[in-house]
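Structure, as structure tokens:
2 protein chains.
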Amino acid sequence: MNFFAIGGISRMTWRMRIFDLARRHATIRSIGSVIGWDQETYLPPSGAGHRAAQLAWISARAHELAVSGEWRDALGEAEAADVGADPETTANLRELRRGFDRATRLPVELVARASEASSLAKHAWAKARADSDFATFAPHLRKLLDIAREKAELWGYADEPYDALLENYERATSTAEVAALFDQLKPELRRIAAGAVERSAARRATLPPGPYSVAAQQRFNARVAESLGYDFTAGRIDTATHPFCTSLGPGDVRMTTRYDENDFTSSLFGVLHETGHGLYEQGLPRDDFGLPSGSSVSLGIHESQSRLWENHVGRSRPFWEKWYPEARECFPQLADFPLEEFLAHIRRAEFSPIRVEADEATYDLHIILRFGIERRMLRGEITVEEIPSAWNDEFRDLFGFTPADDRRGCLQDIHWSMGGLGYFATYSLGNLNAAQLFEAAKRDTTVAAGCKRADYAALLRWMREHVHAPGATLDPADLMRQATGSPPATDAYLAHLRSRYL
Amino acid sequence: MNFFAIGGISRMTWRMRIFDLARRHATIRSIGSVIGWDQETYLPPSGAGHRAAQLAWISARAHELAVSGEWRDALGEAEAADVGADPETTANLRELRRGFDRATRLPVELVARASEASSLAKHAWAKARADSDFATFAPHLRKLLDIAREKAELWGYADEPYDALLENYERATSTAEVAALFDQLKPELRRIAAGAVERSAARRATLPPGPYSVAAQQRFNARVAESLGYDFTAGRIDTATHPFCTSLGPGDVRMTTRYDENDFTSSLFGVLHETGHGLYEQGLPRDDFGLPSGSSVSLGIHESQSRLWENHVGRSRPFWEKWYPEARECFPQLADFPLEEFLAHIRRAEFSPIRVEADEATYDLHIILRFGIERRMLRGEITVEEIPSAWNDEFRDLFGFTPADDRRGCLQDIHWSMGGLGYFATYSLGNLNAAQLFEAAKRDTTVAAGCKRADYAALLRWMREHVHAPGATLDPADLMRQATGSPPATDAYLAHLRSRYL
């Protein structure tokens, strides 16, 4: 943070007041992150009930502060005094205002109702999925859809309710823009995916049988993550059911993975993905903790970083030319498994009904499906009852077969049960952004030369400067424009997929 | 909790109000316990600064509530309505009142000053200890001593300031009572310790050389803890620099230990000790979380449980007759090391200058030393400057030699730097209580027969009923009286030490 001399103490004072509140808010939320991380990693089962009470208490305190009169006053005071301040301060105030207005536009009653509905829905969804019984989940989803529409009306939108929900995850991005990108992607993706699946089926590269010891996987993963720049003095890797990355505060960004003794690449690609998220969080300006200038900007940008290191780096030939010898030291089974076969294994493609099991070549088809269904739900073009058949029709059109049941169809994802409508699109935005950023970064000859010999220091420096340093002071599309010279587009991503899979 | 029918809804209402506040307070504190546990186990080094800010924020919220007008009103209301309520409710209200009065007797300014002083003192102490330079620590200790005296005056006491400080850890127990017990102990302890050290030196039982694999230690420790009744669905064992046990909420009581590859008994006795603390916490009435009836009563009772399982059970012959074969399976080095030698190893005694390295036979001499010094400090009989020489004189008298330097003398413990004057005595009270409770429990023939064949289910049941179930509804001396028939005394402990060491 730079403090301009003009205005002197009084300017410092108002800046301090709203910024202090923002930092306090972030500290409270970071306490929630610690106990949330513990819940996913080390919490003994009997502690689950009390943990929910702890999380509820701390979330309520964070929300209370973020919609308080104290916050409103400090923000108003700062805005009134901001004329002529430095651009970073102006951006911070603009983003704090955006957040405050969105938060206060929802009445407390609605926030509580939404939280209760999704808490009940999560249980119902888990049961419905286990039994593959959509009818159990339908009334909950109807309620969550109503709440999402109600929120959208309160937040306001230009064209359609989805706009207002997408704003939660990808600010200043319209549904129409996303739809235009996805419309360009879809026909090409279908062609690429079909080709990749066909080639993969002909190849059938099968990893030598395990066990791949968990200890060796941990050693290998940590060496790779560290070599890419992940700072273990400010982070760690633990085990959880689902891989994730979370920031517990400045200097404490942790990730998790899970281990499959039959395939070490499962935990490794989990770690590569989360390392991308972790490098972004570790690269945010640490002194600006709690301010927009010290925060990540959007899910589509966050996911660009995870996909960059997972796919563009981690599935590349130079990466494995460097790391395969060390993998062979850790996992003696690989001794007679040629590098070419290994590359085919980590790039295999198949049509799976399950999104989280999908590979790089087919993943976005799952997202396009969900985006279309959500948009039609919110527009009222399909009812909740019609979701299973709409899902299956669209799935058949995209993948050429119908999921065996709703468990492997419209009940597979947790997102809707958490009220997370509008979220899915950001996964594919992340894929587009990753390719576009990687292409732009490689225009720098030092980056390109480094990538060829699997030395990614210059690539990370480029991301630090163009993606991490701005924090949330730029809208995602503006960040992409500044970093790459163009707004988010599909060409770099399609070029990447074509060159890797066709 | 039983709710009497008399009084109906209105009685329920006031009970609920103060009890709800007490539970909320405990929930807030338990959030502090989670992030405190993480600080000692998994926090990456760069996260330390922010963790301090998180802990400060959450502690302030807990304190704020505990001294609030809301609390005062709800408590007053409940007391006014309590006539004729059940004894448990009466005890809960009495203890909540005791806590409230103590907390509110200290002005906010003093609490902040004490917290800042001990925060600075901890750093100064760490440096002073490393350099063995008492002069660096002296001004901090002087300030902490002044603050302790100031607190004692505000809290009030019958005979001497130490009374008021001891009350923090061992309520309703006077300095004179402790001094009388220690005066009885001292001559006998010196005799026993000298005999034990002499015998041990003649025997020289040396454990076969390591490495004792950490994985095998973890397996063995967990099997032992589980067999004693520690519930791993409501707890876990992690690694930390210092072994400790902490309750993170009902259903979540965790312990830590540390591993020495040259001696597996180091981590094991850490686990046995913490298992005792853990069994107590897991045995408290879970539905009364946050109320005195669901809380531990004092450090002297807490320590009685850790010492019981560590020393009376874990260093007994029947215990090892059962577990030694399994230890030999885990640690092949023990194959030719006879059980008698092993027992001599875990009962070895020597005069060490360091309290935390002291064995069962010499431990209490360290406590008697500290109790005497603290009492004289608080009475103004010695100045801070005189502490090193007072310490060394008393140490020479008790142990027959002088510590090589203050690092191994009066600077060795962290307690004073945290403002924890009055704490040390509870370690020895725990030893006395453990022996007295164990003796009383064995008057039950099922308990005695179980202990003979290393089956401790009946012993645990006895502790559950007599020590854990009352929570903090009885004063520690009354709990001892009810459980054993006598107030805290020295005879059971001395008899135990004599029979084991002479």
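Residue numbers (the working numbering), protein chains in the order written: chain A, 678 to 1179; chain B, 678 to 1179.
Beta carbons: idealized from backbone N, C-alpha and C, even for Gly.
Just so you know, these numbers come straight off a predicted model, no measurement behind them.
Quick check on the burial criterion: 16 or more other C-beta atoms within 10 angstroms. Buried or exposed for residue 681 of chain A?
Residue confidence for residue 681 of chain A is low, a pLDDT of 38 falling below 50, so the modelled location carries little weight and cannot support an answer.
7 Å is my cut-off, CB to CB: does residue 708 of chain B come that close to chain A?
yes
If we ignore side chains and look at the alpha-carbon of each, how far apart do residue 981 of chain B and residue 826 of chain B end up?
29 Å
Please go through the same chain and pick out, in chain order, the residues whose beta-carbon is closer than 6 Å to the beta-carbon of residue 1100 of chain B, but skip the five residues on each side of it.
Same-chain partners within the cutoff: 846 and 1092.
With 8 Å as the C-beta to C-beta threshold (strictly closer), list the residues of the stretch 694-707 of chain A near chain B in chain order.
Residues passing the 8 Å Cβ filter: 701, 704, 705 and 707.
Using CA coordinates, which residue listed in A:896, A:1139, A:1056 and A:972 is at the minimum distance from residue 962 of chain A?
A:972
Are the C-beta atoms of residue 716 of chain B and some chain A residue less than 7 Å apart?
no
Extract the residue ranges of the beta strand (DSSP E) inside the stretch 1069-1096 of chain A, only unbroken runs of 3 or more that lie entirely within it.
none
Check this for me: beta carbons of residue 1048 of chain A and residue 987 of chain A, under 7 Å apart or not?
no
Please name the residues in the stretch 931-961 of chain B whose beta-carbon is closer than 7 Å to at least one beta-carbon of chain A, in chain order.
Listed in sequence order: no entries.
In the DSSP assignment, find the alpha helix (DSSP H) that holds residue 952 of chain B and state where it starts and stops.
Element bounds for residue 952 of chain B: 941-960.
Can you pull the chain B residues whose beta carbon is under 8 Å from the beta carbon of residue 909 of chain A, in chain order?
721
Hey, how far is the Cα of residue 730 of chain A from the Cα of residue 782 of chain A?
Each residue's Cα considered, the two are about 26 Å apart.
Give me the Cα-Cα distance between residue 795 of chain B and residue 748 of chain A, rounded to the nearest whole angstrom.
33 Å
Give me the chain A residues within the contact set of residue 727 of chain B, using Cβ-Cβ distance strictly less than 9 Å, ordered along the chain.
Within 9 Å Cβ-Cβ: 704, 707, 925, 926, 927, 928, 929 and 966.
Exposed or buried, residue 1130 of chain A, counting other C-beta atoms within 10 Å across all chains shown (16 or more means buried)?
exposed
Can you tell me where the beta strand (DSSP E) holding residue 931 of chain A begins and where it ends?
Counting along the chain, the beta strand (DSSP E) containing residue 931 of chain A begins and ends at 930-934.
Assuming contact is defined by CB atoms lying nearer than 7 Å, are residue 989 of chain A and residue 1115 of chain A in contact in what I supplied?
yes
Just curious, the beta strand (DSSP E) that residue 924 of chain B is in, first and last residue?
Element bounds for residue 924 of chain B: 922-924.
Sort A:718, A:842, A:711 and A:954 by Cα distance to residue 1107 of chain A and report the nearest one.
For residue 1107 of chain A, the closest of A:718, A:842, A:711 and A:954 by C-alpha to C-alpha distance is A:954.
Could you list the residues in the stretch 854-882 of chain A with a C-beta less than 8 Å from some C-beta on chain B, going in chain order?
For the stretch 854-882 of chain A, the set of positions with a beta-carbon nearer than 8 Å to some beta-carbon of chain B is empty.
How big is the Cα-Cα spacing for residue 745 of chain A and residue 693 of chain B?
28 Å
In chain B, which residues lie less than 9 Å from residue 657 of chain A when you measure between Cβ atoms?
Summary: the structure shown does not reach residue 657 of chain A, with chain A confined to residues 678 through 1179, and so no result is reported for it.
Using 7 Å as the limit for Cβ to Cβ distance, is residue 914 of chain B near chain A?
no
Using CA atoms only, rank isn't needed, just tell me which of A:974, A:1087 and A:1076 is closest to residue 1067 of chain A.
A:1087
Taking just the CA atoms, how far does residue 910 of chain B sit from residue 928 of chain B?
8 Å
Looking at the secondary structure, which residues open and close the alpha helix (DSSP H) in which residue 750 of chain A lies?
746-757
For residue 1059 of chain A, the three-state DSSP class (helix, strand or coil)
coil
Fully enclosed by the stretch 1017-1045 of chain A, which alpha helix (DSSP H) runs are 4 residues long or longer?
The stretch 1017-1045 of chain A contains no complete alpha helix (DSSP H) run of 4 or more residues.
Of the residues A:797, A:696, A:806 and A:740, which one's Cα is nearest the Cα of residue 706 of chain A?
A:740
Kindly indicate which three-state DSSP category residue 718 of chain B falls into: helix, strand or coil?
helix
Report yes if the C-beta distance between residue 968 of chain A and residue 699 of chain A is below 7 Å; otherwise report no.
yes
Which residues in chain A sit within 8 Å of residue 711 of chain B, going by Cβ to Cβ distance?
711, 712, 715 and 731
Below-7 Å beta-carbon distance, residue 748 of chain A vs any chain B residue
no
Alpha carbons only, please: which of A:1175, A:1161, A:1178 and A:1154 is nearest the one belonging to residue 855 of chain A?
A:1154
May I ask you to report which of helix, strand or coil DSSP gives residue 1149 of chain A?
coil
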